[in-house]
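Protein chains in written order, with this note's numbering: chain G, 139 to 350; chain H, 22 to 606. For each residue, glycine too, the CB sits at the ideal point set by N, CA and C. Since this is a predicted model, take the numbers as computed values, not measurements. One structure below.
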């Protein structure tokens with residue numbers, strides 16, 4: 139039956155029917171609303187933030203290690219450069235002494251070379267030879283009057299005997315010159331006397347290669 | 022409702038808060054003190070602990086010849102030093118394990134490498150056992166230094182010492198000079214020290230405890246500046262040849278000293294300035310003190326007859342004589358206070374100007390010089406550079422001595438015309454012949470081509486401005502007359518160079534001592550070749566020879582040197598014969 143009168147259902151213990159508190163008076167459950175749930179901070183974002191932070195720290199650590207490593211590398215390379223510069227200086231000093239005129243002249247004399255004649259013949263542009271051509275006499279000019287105290291007692295090139303070909307010998311002698319750093323200034327490379335047969339020259343003609 | 026319990030809770034809470042704030046305040050004050058108040062001094066103290074300025078060294082510049090050959094070189098040498106207070110036995114790790122090396126063993130090892138005895142090495146250690154520093158060896162080369170370093174002796178250290186070496190020894194030793202303990206002592210090393218000297222720099226950066234630079238720290242540095250390279254006009258190979266030839270002859274005739282100068286006529290460059298005796302800059306102590314400089318620059322002497330061409334050229338330029346002027350030359354020429362004679366006794370001879378030059382007649386020159394006033398002749402000689410230093414300005418260069426015309430007495434008035442009563446250096450004589458060969462245009466003598474600084478700029482290049490001293494025709498006529506000395510003179514077969522026309526003048530000068538002329542002679546030969554197109558002038562002077570007291574002593578050396586010069590520089594031989602000039606009438 140319906141009436142337009144409001145009426146309350148009978149209450150038991152002052153509570154409406156179906157109330158969970160009526161069934162289990164000790165159990166309390168707090169449920170968040172949807173808005174509250176949406177407003178809750180997400181775990182993923184937190185993990186990303188922390189992870190990123192850790193990543194940054196890790197990257198900084200690795201970069202710092204690499205930087206310090208580089209600094210040590212620089213230091214060792216600078217030291218190497220200084221040492222090599224010293225070796226270069228020492229070698230060029232030896233080269234300077236070996237290239238001195240006194241050394242060259244005395245070595246040339248030891249090899250049996252003589253000084254050229256005083257007069258010389260000139261081939262002019264007009265094909266005429268002017269001047270007097272004279273064969274060199276067997277007399278060598280006395281060398282050794284002009285002192286070079288850096289050369290004292292250095293072995294002369296003519297003492298060494300070499301039988302290798304020229305190109306490979308050059309490679310060997312440069313290597314040898316780097317390794318042997320002796321106190322007295324010595325002529326560094328041993329004499330190169332090629333033992334291959336030399337092509338006999340035809341008188342009056344320039345030697346020319348045989349081509350096919 | 023305020024109960025007593027809540028009041029005490031609030032009281033404790035307030036107390037805690039006050040305590041916390043007090044502690045925080047202490048920290049805050051401390052923080053402000055360190056970070057703000059004392060920030061400056063603390064951070065600078067920290068930086069100064071980590072960054073120490075290091076000296077970076079510049080190297081002294083080289084001296085090179087005209088072809089770039091190094092005459093003076095800067096090299097590294099090392100001092101082996103010791104810390105006496107740390108000297109003790111030490112352990113060395115070898116392949117056989119740890120070995121104890123005693124001090125004596127270590128010193129023996131060092132001595133083996135440096136060539137010193139153990140006693141020599143213990144002297145610095147025992148001299149001051151508490152010292153921090155002592156020298157074991159000074160100035161060793163790189164190989165010795167590395168060998169000692171490899172021994173890894175903990176109380177042995179090293180120091181870098183910048184040194185100088187002269188790879189070509191005594192070649193140009195008179196010119197290059199040398200360095201002593203106080204710095205450069207002589208020669209170009211001294212004169213051009215401003216160009217050659219280097220300046221050290223500093224380098225400051227933060228470094229860790231093991232000396233490695235802390236990355237990211239700022240480096241403040243003043244760059245070291247290397248010295249510049251001095252390029253000389255000297256040719257090393259020619260200088261060697263000339264020095265050898267000069268020494269050979271000087272020793273053969275028993276001379277006291279000798280000089281030889283080679284000038285390139287076209288630009289006044291000195292190709293060679295040779296002295297004997299001379300010095301090897303690597304071994305200065307073995308040279309005589311008088312040989313340490315360059316006599317060619319520093320020691321004037323009365324040149325003698327090599328001045329006659331200058332007199333003749335001046336008179337030709339003034340127009341008072343001609344190459345064919347005829348004069349009668351008596352055996353004796355008298356003036357107030359004395360008389361002048363020739364080197365050979367003769368009756369009246371009929372010479373032309375050319376004949377006077379060829380025979381080197383003192384009387385003839387005196388007669389010819391009567392045609393021009395003393396002041397005019399004096400001024401010509403000044404224009405030729407007599408009595409004035411050359412443009413080289415070498416260390417210790419002398420200007421010679423040359424009196425003013427007003428101070429000439431009757432004898433001096435004539436004797437300066439043939440090079441007595443006036444003194445000049447070898448380079449001044451060379452400059453005179455350069456002028457005659459260059460058509461009368463005197464170019465400043467040059468020894469230093471330039472200073473090439475470390476940054477590549479070239480400074481100190483010499484000026485090339487010439488002065489016309491005599492006319493071209495006067496100079497050329499004089500050269501032609503000098504040719505007769507070579508073709509017709511008494512030294513003809515010694516002075517002739519096949520294929521070339523050579524003009525030369527001999528000189529045999531008397532040497533005054535205490536105002537009196539002695540029996541000593543200074544002989545010279547000065548010449549120009551080729552005479553048809555002069556390229557080079559050579560002056561050879563031999564001082565006080567014993568065995569040959571005429572210019573015959575210098576003549577062979579002149580010929581040898583001039584031949585080498587002509588050959589070396591590929592000078593085109595003369596293809597026209599010398600024109601004949603009347604010598605007598």
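Separation of the CB atoms of residue 163 of chain H and residue 235 of chain G is rounded to 14 Å, and the pair is thereby denied contact status at 8 Å.
Under the 8 Å Cβ criterion, the stretch 488 to 498 of chain H does not count as touching the stretch 558 to 565 of chain H, having fewer than three qualifying pairs.
For the stretch 171 to 196 of chain H, the set of residues with a beta-carbon nearer than 7 Å to any beta-carbon of chain G comprises 186, 188, 189, 190, 191, 192, in chain order.
For residue 224 of chain G, the chain H residues whose C-beta falls within less than 7 Å of its own C-beta are 97, 163, listed in chain order.
Interface criterion not met: the Cβ of residue 214 of chain H is under 8 Å from no Cβ in chain G. Beta-bridge partners assigned by DSSP to residue 179 of chain H: H:101. Between the alpha carbons of residue 101 of chain H and residue 142 of chain H lies a distance of about 11 Å. Residues 105, 155 of the same chain have their beta carbon placed closer than 8 Å to that of residue 149 of chain H, with the five preceding and five following residues left out of the count. Interface annotation, residue 245 of chain G: not in contact with chain H, CB-CB separation never under 8 Å. The C-beta of residue 196 of chain G comes no closer than 8 Å to any C-beta of chain H. Linking residue 45 of chain H to residue 64 of chain H through their CA atoms gives a straight-line distance of about 25 Å.
For residue 190 of chain H and residue 267 of chain H, the gap between their C-alpha atoms comes out near 17 Å. Neighbourhood of residue 235 of chain G in chain H, by CB distance below 7 Å: 188, in chain order. With its beta carbon less than 8 Å from one in chain H, residue 228 of chain G belongs to the interface.
Sixteen is the threshold: when 16 or more other Cβ atoms of the shown chains lie within 10 Å of the Cβ of residue 526 of chain H, as they do, the residue is buried. DSSP places residue 290 of chain H outside any alpha helix (DSSP H); the residue lies instead in the beta strand (DSSP E), whose first and last residues are 290 to 297. Scanning its chain for C-beta atoms nearer than 8 Å, with the 5 sequence neighbours on each side dropped, one finds around residue 257 of chain H the residues 86, 88, 90, 92, 189, 192, 193, in chain order.
About 48 Å separates the CB atoms of residue 483 of chain H and residue 366 of chain H; that is not less than 8 Å, and the two are not in contact. In this chain, the beta strand (DSSP E) harbouring residue 543 of chain H covers 537 to 550.
Residues of the stretch 161 to 186 of chain G with a C-beta less than 7 Å from any C-beta of chain H: none at all. Around the beta carbon of residue 606 of chain H, fewer than 16 other beta carbons lie within 10 angstroms, which makes this residue exposed. Using a Cβ distance threshold of 8 Å, residue 270 of chain H and residue 295 of chain H do not count as a contacting pair. Residue 175 of chain G has no beta-bridge partner at all, per DSSP.
Residues 337, 344 of the same chain have their beta carbon placed closer than 7 Å to that of residue 498 of chain H, with the five preceding and five following residues left out of the count. In the displayed model, residue 192 of chain H falls within coil according to three-state DSSP, outside both helix and strand.
By the C-beta density criterion, residue 379 of chain H is buried, having at least 16 other C-beta atoms within 10 angstroms. Here residue 199 of chain H carries a coil assignment [DSSP, helix/strand/coil].
Listed in chain order, the non-local C-beta contacts of residue 238 of chain G below 8 Å within the same chain comprise 286, 288, 289, local neighbours out to five positions each way being set aside. Note: residue 372 of chain H is bridge-paired with H:348, H:605 in the DSSP secondary-structure output. Taking 7 Å as the Cβ-Cβ cut-off, the stretch 74 to 103 of chain H approaches chain G at 91, 94, 96, 97, given in chain order. Bounds of the alpha helix (DSSP H) holding residue 224 of chain G are 181 to 236.
Assigned with DSSP and collapsed to three states, residue 164 of chain G falls in coil, not helix or strand.
Counting other Cβ atoms within 10 Å of its Cβ, residue 538 of chain H stays below 16 and is therefore classed as exposed. Comparing alpha carbon positions, the residue from H:205, H:427, H:466, H:382 closest to residue 184 of chain H is H:205. In the DSSP annotation of this structure, residue 283 of chain H is not part of any alpha helix (DSSP H); the continuous beta strand (DSSP E) holding it starts and ends at 278 to 285. Contacts between residue 260 of chain G and chain H, judged by CB atoms closer than 7 Å, involve 594 in chain order.
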